[in-house]
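My numbering puts the first residue of the sequence shown at 292, with every later residue one more than the last.
Everything on this sheet refers to the single structure shown next.
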Amino acid sequence: MESSFQTAEELVAALRAGEVTSAELTDEAIARIERDDEVINAICVPDFERARAAARRADEARARGEDRPLLGIPVTVKESYNVAGLPTTWGMPAHRDFVPAEDAVQVSRVKAAGAVVLGKTNVPLGLQDIQSFNDIYGTTTNPWDPGRTSGGSSGGSAAALAAGFGALSLGSDIAGSLRTPAHFCGVYAHKPTLGLAAVRGMVPPATPALPVDLDLAVVGPMARSARDLALLLDVMAGPDPLTHGVAHRV
Numbered sequence: 292m293e294s295s296f297q298t299a300e301e302l303v304a305a306l307r308a309g310e311v312t313s314a315e316l317t318d319e320a321i322a323r324i325e326r327d328d329e330v331i332n333a334i335c336v337p338d339f340e341r342a343r344a345a346a347r348r349a350d351e352a353r354a355r356g357e358d359r360p361l362l363g364i365p366v367t368v369k370e371s372y373n374v375a376g377l378p379t380t381w382g383m384p385a386h387r388d389f390v391p392a393e394d395a396v397q398v399s400r401v402k403a404a405g406a407v408v409l410g411k412t413n414v415p416l417g418l419q420d421i422q423s424f425n426d427i428y429g430t431t432t433n434p435w436d437p438g439r440t441s442g443g444s445s446g447g448s449a450a451a452l453a454a455g456f457g458a459l460s461l462g463s464d465i466a467g468s469l470r471t472p473a474h475f476c477g478v479y480a481h482k483p484t485l486g487l488a489a490v491r492g493m494v495p496p497a498t499p500a501l502p503v504d505l506d507l508a509v510v511g512p513m514a515r516s517a518r519d520l521a522l523l524l525d526v527m528a529g530p531d532p533l534t535h536g537v538a539h540r541v
């Protein structure tokens, strides 16, 4: 089954029907990354060993009759999100050795929904550009034309989706960081209402997990279809006891 460019919704249906396993989807995504990402450079922090283990657990859970919204679906996460055991740098060399001990709330939510995290995607320095280059991980190119940019600051996530590296991605946006790279790479993104999706753990490295001032910065979904945006946003939205915001009650 060629799954790399299917929507998450299609993959969920295939998994439920027993047409494919999460292990197969994950191995296919990893093989594609290992083959194509040397040029694209979308996945700056791979996490393949843990991804394969998560895929096996997803298949075992399904065999027991469990069913969750993203059970077994390979996804990626923007580098700016804390993922326990992986570096969070925001592209800043001074923080190349910072490794958080716990997941950002949105990473926890996609994992709880059954998603398989393949790794983290590249960003510009401090998330402050409409391209995705930094001195730690280099430049992310556009999968449609390596001579062009993938956009930013969620450029690694957009490029990963366009290249078939996972079906969904977690991004963030203050002034176009979801929307611009999605446009550049021909994929989909949504900037949610402020407060709809909790931002805890998506903060500059070595700072408290909860931002002091949310301003207009939000976290949001990226996908290869509009329907998949809704699928991921349903997982992301909702209250967090340590995060301000009540838009989830609207």
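Cβ atoms here follow ideal geometry from the backbone N, Cα and C, with glycine treated the same way.
Just the C-alpha distance for residue i and residue j, rounded to the nearest angstrom, thanks.
i, j, result
"L485", "A517", "20 Å"
"V541", "A528", "Because V541 carries a pLDDT of 46, less than 50, the predicted location of this residue cannot be relied on, and no value is offered for it."
"N413", "T317", "20 Å"
"P483", "G467", "12 Å"
"T498", "R400", "21 Å"
"P495", "T380", "7 Å"
"A403", "P437", "35 Å"
"I321", "F456", "7 Å"
"G477", "G376", "32 Å"
The alpha helix (DSSP H) with residue i in it runs from where to where?
i, result
"T471", "R470 to C476"
"V401", "V396 to A403"
"I334", "Here I334 belongs to no alpha helix (DSSP H); instead the beta strand (DSSP E) covers I334 to P337."
How is the beta strand (DSSP E) around residue i delimited, first residue to last?
i, result
"K411", "V407 to T412"
"T498", "No beta strand (DSSP E) holds T498; DSSP gives it neither H nor E."
"D388", "No beta strand (DSSP E) holds D388; DSSP gives it neither H nor E."
Find the nearest neighbour of residue i within the set the options, judged by alpha-carbon distance.
i, options, result
"A489", "G511, L469 and S460", "G511"
"E393", "M513, V526, A514 and M493", "M493"
"P532", "V509, L501, A299 and A451", "L501"
"E319", "A404, I364, N433 and R353", "I364"
"L461", "R341, V311, E310 and V374", "V374"
"G382", "S444, F456, G410 and A322", "S444"
In its own chain, which residues sit with a C-beta less than 7 Å from the C-beta of residue i, not counting the 5 before and 5 after it?
i, result
"A473", "A449, Y479, A480 and M513"
"F424", "P415 and T430"
"L507", "I465 and L485"
Looking only at its own chain, which residues have a Cβ that is under 8 Å from the Cβ of residue i, when we skip the five neighbours before and after it?
i, result
"F475", "N433, R439, T440, S441, G442, G446 and A449"
Can you list, in chain order, the residues of its chain with a C-beta nearer than 6 Å to that of residue i? Leave out the 5 residues immediately preceding and following it.
i, result
"A345", "V407"
Would you mind giving the Cβ-Cβ distance between residue i and residue j, rounded to the nearest angstrom? I have them listed as a contact below 8 Å.
i, j, result
"A451", "I334", "6 Å"
Under a CB-based cut-off of 8 Å, is residue i close to chain D?
i, result
"T498", "Considering every chain present, this structure includes no chain D. It has just one protein chain."
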